[in-house]
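> Residue numbers (our numbering), protein chains in the order written: chain A, 3 to 349; chain B, 3 to 349.
Take this structure first; my questions come after.
Protein chains: 2
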Amino acid sequence: MIAAPRHLVDRVLAGDVRATAQLMRDLDDRLPEGIEALRRLFRHTGRAHVVGITGPPGAGKSTLTDRLIGWHRARGRTVGVVAVDPTSPFTGGAILGDRIRMQDHATDPGVFIRSLGTRGHLGGLSRSTAELVHVLDASGKDVVLVETVGVGQDEVEIAELAHTIVVVTVPGLGDDVQAIKAGVLEIADVFGVNKGDREGADRTVRDLQGLIELRRAVQRPPPDHDLQHRPVGAPADPAARRGGGDAGGWEPPVVRTVATTGAGIDELAQAIDRHRASLDATGERGRREASRARATFVALLRERLLAGALARLERELGHLDEVAARIAARETDPWGLADELARRLQA
Amino acid sequence: MIAAPRHLVDRVLAGDVRATAQLMRDLDDRLPEGIEALRRLFRHTGRAHVVGITGPPGAGKSTLTDRLIGWHRARGRTVGVVAVDPTSPFTGGAILGDRIRMQDHATDPGVFIRSLGTRGHLGGLSRSTAELVHVLDASGKDVVLVETVGVGQDEVEIAELAHTIVVVTVPGLGDDVQAIKAGVLEIADVFGVNKGDREGADRTVRDLQGLIELRRAVQRPPPDHDLQHRPVGAPADPAARRGGGDAGGWEPPVVRTVATTGAGIDELAQAIDRHRASLDATGERGRREASRARATFVALLRERLLAGALARLERELGHLDEVAARIAARETDPWGLADELARRLQA
């Protein structure tokens, strides 16, 4: 039996763990009462500090997240975690049980961890992530950690949902910092060099500091130029998030950590806290909230429109798989068909 | 001056390099004549073997791609490359010039390389990639290599565009094969363990083979169960691509390579060729073509719908940034607004 929205809303606001879990399941199933509850919760959000933790696979992000949870709990702060991770039908998660490690916090009512498999959320990853962050925020969590794997487009979109972005790397990914591509460099507020006791860690730290200096030294094209070339509805240029002033002169610190032993965690957590203070002091937090609102809205709109269009497609042209078969047989072409359908829908 | 579509179409079909580059620029700019040319070219596509090469940053995918180009050229086959890579305004590409290495082939008319920065293509990465693959296919390339970084949702979507997927990893990414998450394991047709002369390469190969055995041993839930839980418009479950029979019993080989010296490249290329033959022999190629058509169509439809909706939003509610500011101020909520707009558009 599903709790009535009003009741559910009150319980989530009171920090009730079961109600929070129930709402997340309702949202997974796209139940109208789930969305309705989310709408009512929305005005109670905006309080939590949302921290994105991203980086290549194998960098130890989960262990680092685990350590950050402990750090915040030791200071009496409550923590929500959204872990975005490819899942598998046969393991139900990451193969080697990153998630399991975090279950140490499972009995702590001040911690709520939600794992979000990308497989079940294809086409709606940023929407799902945004919603889970809102729920955790509304449920009173002081800090929400969003852990994402990889350095692709998803991560940039998901990064739009965070106030502070921590990019984690490790020594020895290549012979150089190839692993830190420019796109990721630009969204980082704090760098963590994890497995910092490994050979090559000094060099990785030095290389990152060099890249940060290079970024500072190089003149960017005027933002208008960039915005004009941005496709409609695409998130703003990640660099533009900084409002042209790198959040009031904020320069990403590079922190060396060893997540398995806990070394460097205090420094990393404090760097994140300092960034939070800098956001508040410079007004950058407001700009990031707007960027987050924009990303959430566009992700929702995209999903909603596509669902409506595909429903109509099925009524008028047949099941998507049949349409795909006709395209594959070159009986029709996807551009003409998408155009025609969009025109009819939006006439 | 832009060439008339008919003329451009004929020149692309004849393999004219300048016409091909021109069409790609037109598509970047979303010129109607570019789309029109693409529609006319479409029925001439479907001949090229499309190979996706994916894996974490620093795995040496570009060098490997470079070697594969050389391998095919030595056999008289023409090659197209689409490299999907985060870019930066100050380097115009990957920081350490992966792309530059590939410029060795710049003077060879049998090779066409196109780099696709994710930054300029946010929201349309799979659409752009699909289009570039179609152009290269129509221009007569025998093989099209699509190189993508990371293991996120993008890669799974882009993987839908390929006939054969090569997942590249390297030893030492972690203490285990954590780097190969389950989602990627499922889409791989061939595994490359690059930097295979490094310490730990034996273990990485062994671990991968163990995972492949595990995958074979574990019973999957019936496909129907899975499809029911798939969100509308999401690409089919990657595992379902295999039509329940792993492409007629195809088991992903694990090939050790050292891209910098060329060791193992022949074996890797032959494994890819064998997979191609297996696709043809089992009819799996047809299923993958349908999946590719579906992914292309849905990506186009999504983009087209969103563009139309945002144009109407601007006319009726104000600029997207103003709307985002109102959401950030909690004056309205994104769910209600997206819903209302979608309903009005699709009434």
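Note that the Cβ used here is the ideal one computed from N, Cα and C, for glycine as well.
Bear in mind that the values here come from a model prediction, so they are computed numbers and not experimental data.
My guess is that B:Thr47 and B:His136 are in contact by the Cβ rule of under 8 Å, so how many angstroms apart are they, rounded?
The residue given as residue 47 of chain B occupies position 45 in the second sequence. The residue given as residue 136 of chain B occupies position 134 in the second sequence. Between B:Thr47 and B:His136 the beta-carbon gap is near 5 Å, inside 8 Å, which marks them as a contact.
> How about A:Ile274 and A:Val192: are their beta carbons less than 9 Å apart?
Taking the first sequence and counting its residues from 1, the one referred to as residue 274 of chain A is at position 272. Taking the first sequence and counting its residues from 1, the one referred to as residue 192 of chain A is at position 190. Taking 9 Å as the Cβ cut-off, A:Ile274 and A:Val192 qualify as a contacting pair.
> So, is A:Thr263 buried or exposed, given that buried needs 16 or more other C-beta atoms within 10 angstroms?
Counted from its first residue, the first sequence places residue 263 of chain A at position 261. Label assigned to A:Thr263: exposed.
> So, B:Leu308 versus A:Leu40, is the Cβ gap smaller than 9 Å?
Along the second sequence, one-based indexing puts residue 308 of chain B at 306. Along the first sequence, one-based indexing puts residue 40 of chain A at 38. Going by C-beta atoms, B:Leu308 is not nearer than 9 Å to A:Leu40.
> Going by DSSP in three states, B:Leu147 sits in which element: helix, strand or coil?
Within the second sequence, residue 147 of chain B is the residue found at index 145, counting from 1. Annotated three-state conformation of B:Leu147 is strand, per DSSP.
> Drop a sphere of 10 angstroms on the beta-carbon of A:Glu201, count the other beta-carbons inside from all chains shown, and report buried for 16 or more, exposed for fewer.
Reading the first sequence from its first residue, position 199 is the one you call residue 201 of chain A. By the neighbour-count rule (16 or more Cβ atoms within 10 Å), A:Glu201 is not buried but exposed.
> Throw me the rounded Cβ distance for the A:Asp110 and A:Arg75 pair, which I believe falls under 8 Å.
Position 108 of the first sequence, counting from 1, holds the residue named residue 110 of chain A. Position 73 of the first sequence, counting from 1, holds the residue named residue 75 of chain A. The Cβ separation is near 7 Å, so the contact holds.
> For A:Thr131, list the residues DSSP reports as bridge partners.
Walking along the first sequence from the start, residue 131 of chain A turns up at place 129. In DSSP, A:Thr131 forms no bridge with anything.
> Looking at the C-beta of A:Asp226, does it have a partner C-beta in chain B at a distance below 9 Å?
The sequence position of residue 226 of chain A within the first sequence is 224, counting from 1. Low local confidence applies: a pLDDT of 41 at A:Asp226 is under 50, so the model's placement there is unreliable, with the coordinate-based value given in what follows. Not closer than 9 Å to any Cβ of chain B, the Cβ of A:Asp226 fails to qualify, so no.
> Count the other CB atoms, across all protein chains shown, that sit within 10 Å of the CB of B:Gly251; report buried if there are 16 or more and exposed otherwise.
As a first step, residue 251 of chain B must be located in the second sequence, where it is residue number 249. Exposed.
> Could you name the residues of the same chain whose beta carbon sits closer than 7 Å to that of A:Arg294, not counting the 5 residues immediately before and after it, in chain order?
Numbered from its first residue, the first sequence carries residue 294 of chain A at position 292. Once the five neighbours on either side are set aside, the close Cβ partners of A:Arg294 are Glu162, Leu163.
> Name, please, each residue of chain A whose Cβ falls closer than 7 Å to the Cβ of B:Pro254.
Residue numbering aside, residue 254 of chain B sits at position 252 when the second sequence is read from its first letter. Taking a Cβ-Cβ threshold of 7 Å, none of the residues of chain A is close to B:Pro254; the smallest such distance is about 15 Å.
> Closer than 7 Å, Cβ to Cβ, to anything on chain B: give me those residues from the stretch 15 to 42 of chain A, in chain order.
Ile37, Leu40, Arg41
> Hey, is A:Arg208's beta-carbon within less than 9 Å of any beta-carbon in chain B?
In the first sequence, the residue the question calls residue 208 of chain A occupies position 206. Not one chain B Cβ lies under 9 Å of A:Arg208.
> Roughly how many angstroms separate the alpha carbons of B:Gly122 and B:Ser130, rounded to a whole number?
Residue 122 of chain B sits at position 120 when you count from the first residue of the second sequence. Residue 130 of chain B sits at position 128 when you count from the first residue of the second sequence. Low local confidence applies: a pLDDT of 44 at B:Gly122 is under 50, so the model's placement there is unreliable, and no value is given.
> How would you call B:Pro34, buried or exposed, if buried means at least 16 neighbouring beta carbons within 10 angstroms?
As a first step, residue 34 of chain B is located in the second sequence; it is residue number 32 there, counting from the start. Exposed.
> DSSP three-state call for B:Gly54: helix, strand or coil?
As a working mapping, residue 54 of chain B is identified with position 52 in the second sequence. Looking at B:Gly54 - three-state DSSP - the assignment turns out to be strand.
> Cutting at 6 Å between CB atoms, please list the residues of its own chain near A:Pro173, excluding the five before and the five after it.
Taking the first sequence and counting its residues from 1, the one referred to as residue 173 of chain A is at position 171. Same-chain partners within the cutoff: Arg200, Gly202, Ala203, Thr206.
> Let me know if B:Arg208 comes out buried or exposed under the rule of 16 or more other beta-carbons within 10 Å of its beta-carbon.
Within the second sequence, residue 208 of chain B is the residue found at index 206, counting from 1. B:Arg208 is classed as exposed because its beta carbon has fewer than 16 other beta carbons within 10 Å across all chains shown.
> For a contact defined as C-beta to C-beta under 7 Å, what are the partners of B:Asp341 on chain A?
One-based indexing of the second sequence puts residue 341 of chain B at position 339. Within 7 Å Cβ-Cβ: Arg306.
> Check the Cβ of B:Asp199 against every Cβ in chain A and list those closer than 9 Å, keeping chain order.
Position 197 of the second sequence holds residue 199 of chain B. Those within 9 Å of B:Asp199 in chain A number zero; the least Cβ separation is about 13 Å.
> Enumerate in chain order the residues of its own chain whose CB-to-CB distance from B:Leu343 is below 7 Å, with the five nearest sequence positions on each side excluded.
Working through the second sequence from its first residue, we reach residue 343 of chain B at position 341. Within the same chain, B:Leu343 has close Cβ partners Ala311, Leu315.
> Whose Cβ in chain A lies nearer than 7 Å to the Cβ of B:Trp337?
As a first step, residue 337 of chain B is located in the second sequence; it is residue number 335 there, counting from the start. Correct list: Ile37, Leu40, Arg41, Leu302.
> B:Thr67 and B:Ala85: beta carbons closer than 9 Å?
Along the second sequence, one-based indexing puts residue 67 of chain B at 65. Along the second sequence, one-based indexing puts residue 85 of chain B at 83. Yes, they are a contact pair.
> Beta-carbon of B:Phe299 versus every beta-carbon of chain A: anything under 9 Å?
On the second sequence, position 297 is the one that residue 299 of chain B refers to. Chain A contact via Cβ: present.
> Classify A:Gly78: buried if its beta carbon has 16 or more other beta carbons within 10 angstroms, exposed otherwise.
Working through the first sequence from its first residue, we reach residue 78 of chain A at position 76. By the neighbour-count rule (16 or more Cβ atoms within 10 Å), A:Gly78 is not buried but exposed.
> Measuring alpha carbon to alpha carbon, tell me which of B:Arg345, B:Gly112, B:Lys63 ends up nearest B:Ile167.
Translated into positions along the second sequence, residue 167 of chain B becomes position 165. Of the candidates B:Arg345, B:Gly112, B:Lys63, the one whose C-alpha sits nearest the C-alpha of B:Ile167 is B:Lys63.
> For B:Thr150 versus B:Gly54, is the C-beta distance shorter than 9 Å?
Here residue 150 of chain B corresponds to residue number 148 of the second sequence, with the count starting at 1. Here residue 54 of chain B corresponds to residue number 52 of the second sequence, with the count starting at 1. Result yes, Cβ atoms of B:Thr150 and B:Gly54 sit closer than 9 Å.
> Just to check my reading of the structure: A:Ala326 and B:Phe299 have Cβ atoms closer than 8 Å, yes? What is that Cβ distance to the nearest angstrom?
Position 324 of the first sequence, counting from 1, holds the residue named residue 326 of chain A. Position 297 of the second sequence, counting from 1, holds the residue named residue 299 of chain B. Between B:Phe299 and A:Ala326 the Cβ distance is about 6 Å, and since that is below 8 Å, they are a contact.
> Would you tell me roughly how many angstroms separate the C-alpha atoms of B:Ile71 and A:Asp335, rounded to the nearest one?
Locating residue 71 of chain B in the second sequence gives position 69, counting from the first residue. Locating residue 335 of chain A in the first sequence gives position 333, counting from the first residue. C-alpha separation (whole angstroms): 30 Å.
> State the start and end residues of the unbroken alpha helix (DSSP H) segment that holds B:Leu346.
In the second sequence, the residue the question calls residue 346 of chain B occupies position 344. The sequence given here has Arg at residue 346 of chain B, not Leu. From DSSP, the alpha helix (DSSP H) with B:Arg346 extends over 336 to 347.
> Using the three-state DSSP reduction, which class does A:Ser141 fall into: helix, strand or coil?
Position 139 of the first sequence, counting from 1, holds the residue named residue 141 of chain A. A:Ser141 falls in the coil class under three-state DSSP.
> Could you work out which residues of chain B lie near A:Ala311, taking near to mean beta carbons separated by less than 7 Å?
By 1-based counting over the first sequence, the position of residue 311 of chain A is 309. Per Cβ cutoff of 7 Å: Leu303, Leu307.
> So, with DSSP's three-state summary, where would you put A:Val260?
By one-based count along the first sequence, residue 260 of chain A stands at place 258. If DSSP states are grouped into helix, strand and coil, A:Val260 belongs with the strands.
> Quick one: using the 10 Å Cβ neighbour count with 16 as the cut-off for buried, is A:Glu133 buried or exposed?
Counting from one through the first sequence, the residue named residue 133 of chain A turns up at place 131. A:Glu133 is buried by the Cβ-count criterion.
> Is B:Ser293 close to chain E, meaning its C-beta is less than 9 Å from at least one C-beta of that chain?
The structure shown contains no chain E; the protein chains it does contain are A and B.
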